[in-house]
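A.B. asks:
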Amino acid sequence: MNLCDLLKDSKHICVVGISDKPGRDSGRIALMLKNEGYHVTGVHPTLREFAGIKVYPSLHDVPGDIDIVDVFMNSKRIPEIIDDVLAVKPKVLWLQLGIRNEEAVAPVQEAGIITIQDLCIAIEYRYCNSAQKQVTSFDRI
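Per my numbering, the sequence shown starts with residue 41, numbered consecutively.
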């Protein structure tokens, strides 16, 4: 499966680390995904709603199946969410551009969850929906 198929087949994206602070990529990208037709939820310890997006205190609290867990957190903090990711079993764990932690994601990969690191979901979405699209595969990850 390539990235474009993965994005096309996904319905529910949960943004971990969503923020309502102006200028934060997490909020802008969550809104872009919502406007493109995805069911978007968020995870933040204190925020409960952002621009019509329901926000939960943890991944465990998010109802329904999650296709993509899209993470906006410092790479050093990724171990904090691994147990929750393993418990909710999304199809994909997506660490945003600049976020990579091979050691932390190893159990997720071993559980058969697709893991993407250091790529922006918004850039990939736009690329997949552009007129000049070329084949995109996990080989480039």
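Quick reminder that beta carbons are idealized off the backbone N, C-alpha and C, glycines included.
Values in this document were obtained by computation on a predicted structure and should not be read as measured data.
Between residue 89 and residue 117, what straight-line distance do the alpha-carbon atoms span, to the nearest angstrom?
C.D. replies: Their backbone Cα atoms lie some 23 Å apart in a straight line.
A.B. asks: Can you give me the start and stop residues for the alpha helix (DSSP H) that residue 71 sits inside?
C.D. replies: Looking at the DSSP string, the run of the alpha helix (DSSP H) that includes residue 71 is 65-75.
A.B. asks: On the premise that residue 93 lies in contact with residue 74, defined as a C-beta separation below 8 Å, what is that separation, rounded to the nearest angstrom?
C.D. replies: Correct: roughly 6 Å between the Cβ atoms.
A.B. asks: Assuming residue 53 and residue 78 make a contact with CB atoms under 8 Å, what is their CB distance in whole Å?
C.D. replies: Yes, residue 53 and residue 78 are in contact; Cβ-Cβ is about 5 Å, under 8 Å.
A.B. asks: What separation, rounded to the nearest whole angstrom, lies between the Cα atoms of residue 158 and residue 126?
C.D. replies: Answer to the nearest angstrom: the Cα atoms are 20 Å apart.
A.B. asks: Please work out which residues of its chain come closer than 7 Å, Cβ to Cβ, to residue 49, disregarding the five sequence neighbours upstream and downstream, and give them in chain order.
C.D. replies: Here the set comprises nothing.
A.B. asks: Rounded to whole angstroms, how far is the Cβ of residue 109 from the Cβ of residue 85, which I believe are closer than 8 Å?
C.D. replies: 16 Å between Cβ atoms; not a contact.
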